[in-house]
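So the sequence lines, in the order shown, correspond to chains A and B.
The first sequence begins at 3 in the numbering used here and counts up one residue at a time.
The second sequence begins at 152 in the numbering used here and counts up one residue at a time.
Here is the structure we will look at.
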Amino acid sequence: KQEVTQIPAALSVPEGENLVLNCSFTDSAIYNLQWFRQDPGKGLTSLLLIQSSQREQTSGRLNASLDKSSGRSTLYIAASQPGDSATYLCAVRDAGNMLTFGGGTRLMVKP
Amino acid sequence: GAVVSQHPSRVICKSGTSVKIECRSLDFQATTMFWYRQFPKQSLMLMATSNEGSKATYEQGVEKDKFLINHASLTLSTLTVTSAHPEDSSFYICSAGGGQGYSTDTQYFGPGTRLTVL
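Right, here's the structure in full:
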């Protein structure tokens with residue numbers, strides 16, 4: 003059974019810092035991996051989706067990498083802003099479109 | 152495109168009552184819909200997968216008689232929490248697998264429904 007772990011569980015940084023969120027998964031037979039953002043009490047916003055054949059995806063200040071063989075993905079946030087404060091979830095998808103979520107990283111960016 | 156809505160966004164009910172939550176794909180037909188539950192400060196946990204016109208597949212530990220799922224059309228799935236109890240209070244999120252014209256390798260998420268059982 004796929005297990006997804008996110009480290010750290012919580013992170014607090016001053017504004018402007020570059021930061022890395024980590025995601026690891028136990029079964030490398032994934033179809034793709036997706037990073038989401040969730041604001042308190044809200045639904046999910048998809049940030050980046052990396053296909054299993056890809057190594058990374060970029061969108062603005064966000065860069066996600068994928069190393070499928072080692073079961074790892076990272077989400078890099080450049081020049082963090084207070085508006086980036088949220089919970090970040092990674093999820094891996096199998097060939098049947100089933101998602102397994104990690105526990106999330108709660109990010110706080112202080113002004 | 153690929154918008155998924157949920158109704159209601161928030162519901163408060165008394166213990167013992169039943170609550171129905173609707174999940175709609177607004178601009179595409181979704182053959183598969185997923186229901187997740189999220190407790191405070193925890194991640195999303197898949198409850199069940201529903202395919203249009205067939206019975207839902209429940210994850211281990213989810214009571215199918217308590218959480219009734221109906222996927223009667225390609226744009227609507229409903230989750231009914233029967234005889235709700237305070238421990239059922241949670242954030243329920245649905246998602247829809249992409250149908251014709253939309254990516255089939257992703258899920259499109261609704262905004263969630265906050266259920267509070269008194």
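Glycine residues also receive a C-beta, built at the ideal position from the N, C-alpha and C atoms.
(request) Express the C-alpha separation of Val213 of chain B and Ala153 of chain B in angstroms, rounding to a whole number. (result) 28 Å
(request) Taking all protein chains shown into account, decide if Ala80 of chain A is buried (16 or more other Cβ within 10 angstroms of its Cβ) or exposed. (result) exposed
(request) Kindly indicate if chain B contains any beta-carbon less than 7 Å away from that of Gly85 of chain A. (result) no
(request) Tell whether a beta-carbon distance below 7 Å holds between Gly248 of chain B and Val155 of chain B. (result) no
(message) At the level of alpha carbons, what is the spacing between Ser166 of chain B and Ser160 of chain B?
(response) 19 Å
(request) Return yes when the Cβ of Phe190 of chain B is within less than 7 Å of the Cβ of Ser241 of chain B, no when it is not. (result) yes
(message) Within a Cβ cutoff of 7 Å, which residues of the same chain sit near Glu210 of chain B, ignoring the five residues on either side of it in sequence?
(response) Leu197, Met198, Ala199
(request) Note down, in chain order, each residue of its chain lying with its Cβ closer than 6 Å to the Cβ of Pro16 of chain A, except the 5 sequence neighbours on either side. (result) Lys112
(request) Confirm, please, whether the CB-CB distance from Gly104 of chain A to Gln8 of chain A is below 7 Å. (result) yes
(request) Please confirm if Asn24 of chain A has its CB atom under 7 Å from at least one CB of chain B. (result) no
(message) Let me make sure I understand the geometry here. Which of B:Ala181, B:Phe218, B:Lys206 has the alpha-carbon closest to that of Tyr187 of chain B?
(response) B:Phe218
(request) Round the Cβ separation of Gln4 of chain A and Asn34 of chain A to the nearest angstrom and send it over; I've been treating them as touching at under 8 Å. (result) That pair is no contact at about 13 Å.
(request) With a threshold of 16 other CB atoms inside 10 Å of the CB of Asp69 of chain A, please say whether the residue is buried or exposed. (result) exposed
(message) Under 8 Å, with one C-beta from each stretch per pair, do the region 41 to 48 of chain A and the region 167 to 175 of chain B reach the 3-pair mark?
(response) no
(message) Out of A:Glu19, A:Phe38, A:Gly18, which one is the CA nearest neighbour of Cys25 of chain A?
(response) A:Phe38
(message) Could you check whether the Cβ of Leu46 of chain A sits closer than 7 Å to any Cβ belonging to chain B?
(response) yes
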